[in-house]
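> Below is a structure I'd like to ask you about.
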Amino acid sequence: RVIQNVIKNGLDHGEKNISIKLIREDNHALLKISNYTEHPENIDLSHVFERFYKADVARGRASTGLGLSIAKELVERMNGDISARIQGNDFIIEIKVSLVV
60 RVIQNVIKNG LDHGEKNISI KLIREDNHAL LKISNYTEHP ENIDLSHVFE
110 RFYKADVARG RASTGLGLSI AKELVERMNG DISARIQGND FIIEIKVSLV
160 V
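The sequence shown begins at 60 in my numbering and counts up one residue at a time.
Structure follows, in structure tokens:
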């Protein structure tokens, strides 16, 4: 469900194709999902994981604003970390979870 929500967010709100990378770091898996956006300045990183948050670029599209908040809740239940950042025009979500059970 986490991966589905984050990928759907990228496809629904990104301007072009999305990039997905899975990297092993010691006993953790790091999933990086990035998508290009024309207006990165409209994304408020301090709110992207809040329920019902929609960046200005997303307001014209049908969206509940719940996808990333649900993803965050699920990742945290797995004792993982999820974060968002902007690099140039790329909006990047990173999910880090333990490979040790």
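Think of the CB as a built atom: it goes at the ideal place given N, C-alpha and C, for glycine as much as any other residue.
In this text the structure is predicted, and so the values were computed from the model without any measurement.
Could you check the C-alpha separation between Val156 and Glu97 for me, to the nearest Å?
30 Å
> If you reduce the DSSP assignment to three classes, tell me which class Ala117 lands in.
Residue confidence for Ala117 is low, a pLDDT of 49 falling below 50, so the modelled location carries little weight; the figure read from the coordinates is stated next. Ala117: helix per DSSP, three-state reduction.
> Which of the three DSSP states is assigned to Glu100 in this structure?
helix
> Have a look at Met137, Lys80, Lys75, Phe150 and flag the residue whose alpha-carbon is nearest the alpha-carbon of Lys91.
Lys80
> Just reading off the alpha helix (DSSP H) that Arg136 is part of, what are its end residues?
Arg136 -> alpha helix (DSSP H) spans 126-136.
> State the Cα-Cα distance for the pair Phe108 and Glu84, rounded to the nearest angstrom.
When the Cα atoms are used, Phe108 and Glu84 turn out to be separated by approximately 24 Å.
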